[in-house]
Amino acid sequence: MSDKYRILKNDNAEAAGGDFASDVDDGLSRPQKSISSKYLYDAEGDRLFQRIMELPEYYLTRCEYEILRDNRDRILLLLGGGQINLVELGAGDGKKTFLLLEHFLERGLQFRYVPIDISESAIQGLIASCCDCYDQMAVEGLVAEYFDGLKWLASQNQRRNFVLFLGSNIGNFTRAETELFLRGLHDALNDGDLVLIGFDLKKDVNRIKDAYDDSQGVTAQFNLNLLSRINRELGGDFKLNQFEHHCIYNEQMGVIESYLVCNKRQDVCIESLGKTFCFEEKEPLHVEYSHKFSEEDVAQLAQNAGFRVVEQFYDSDRLFVDSVWQVIK
Ligand SMILES: C[S@@+](CC[C@H](N)C(=O)[O-])C[C@H]1O[C@@H](n2cnc3c(N)ncnc32)[C@H](O)[C@@H]1O
């Protein structure tokens, strides 16, 4: 199985995710403490995120599952024939993607599946599932950060590319990063290539908030795992029971902001950094953005980055859209 995936090294880190220590140092040294949500996903984070996707409040996964199930024929038609690189950025456990993979295999589409994810455990799990279920399918997993994945994509000019970016992963970027990422994606692809991007749409505020603050507290565990990860991997001594998960919906910006709030002043020593960071009582640590989009936002983002919108697939309640764009060069 290990020959079916590899770790893409970037310029500064020993391996994907190797920037963890320096990013934690940087984020905890800021006046408003913040750590990128990409570090929420280690093996334990992956496991907890799978539980989140099963929660009654977390509508996103069910909506996108319905969209892909109901539109796989149409998606196949859009792809046409020939040899295709089916690349998935931030693939996670790939459960929804399997709907497409199975369908494409049955219909004889010639493709190679290339899931890319920063989490090595996610890629390992995904490759194992592919080997179990679809042993005839060509698959190559890459453990890499999105932007390193784009560099790899830029070298793929032999085949047509179809890029999946599901789950509203795009909502985790800041607005500036979104523009940068989409421009980079456009530039890495060939004229005529297709991308399918999942966007969570703006809707009733309570519905959105419940999805990020579930009644069973799984999202809280998921976010708190970031502190456990720092304790495990970097020799930190965060006292987890003194932090609480808190999320707010900034309606004007259309974004859920998730924080871990310290409820008792503490000094946190991180051994591998040789540093101590002071958390005041009620001090928030920002851990995730989850942007929500209007239909106009989606169209504008496509246009600004040089894509043509080909088709919009909605779930039956119009909570979520999978938008198919074509690269225009
Ligand atoms: C919210 S989960 C969604 C997974 C999947 N796309 C889905 O819809 O079920 C986000 C996934 O993206 C990966 N990820 C997050 N930030 C990343 C980054 N900057 N580069 C590469 N992968 C990233 C995580 O490891 C995780 O597997």
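Quick note: to get our numbering, add 14 to the position in the sequence shown (first position is 1). Don't be surprised by glycine CBs; every beta carbon is placed ideally from N, CA and C. Values in this document were obtained by computation on a predicted structure and should not be read as measured data.
Listed by position in the chain, the residues whose beta carbon lies within less than 7 angstroms of some heavy atom of ligand 1 are Ser-51, Lys-52, Tyr-55, Asp-60, Phe-63, Met-67, Thr-75, Glu-78, Leu-103, Gly-104, Ala-105, Gly-106, Asp-107, Lys-109, Lys-110, Ile-130, Asp-131, Ile-132, Ser-133, Ala-136, Ala-158, Glu-159, Tyr-160, Gly-163, Leu-180, Gly-181, Asn-183, Asn-186, Gly-212. In the three-state DSSP reduction, Ser-337 falls in the strand class (E or B). According to DSSP, Lys-165 shares a beta bridge with no other residue. The stretch 126-138 and the stretch 91-103 touch, with no fewer than 3 CB-CB distances between them shorter than 8 angstroms. The alpha helix (DSSP H) runs lying completely inside the stretch 85-122 and spanning 4 residues or more are 109-120, given in chain order. For Asp-146, the closest alpha carbon among the candidates Asn-186, Glu-116, Arg-173 is that of Glu-116. By the Cβ neighbour-count rule, Ile-342 is exposed, with fewer than 16 other Cβ atoms within 10 Å of its own.
Ile-184 sits away from Ser-337, with the two beta carbons spaced by 7 angstroms or more. In the DSSP assignment, no residue is bridged to Arg-197. By the Cβ criterion, the stretch 158-177 is in contact with the stretch 199-209, since at least three pairs of Cβ atoms, one from each stretch, lie closer than 8 angstroms.
Sorting Leu-299, Phe-327, Glu-309 by C-alpha distance to the C-alpha of Asp-39 places Leu-299 at the top.
About 31 angstroms separates the beta carbon of Glu-265 from that of Val-324, a gap too long to meet the 8 angstroms contact definition.
Taking the Cα positions, Gln-138 is about 15 angstroms away from Ala-152.
Straight-line measurement puts the Cα of Thr-290 at about 38 angstroms from the Cα of Leu-180.
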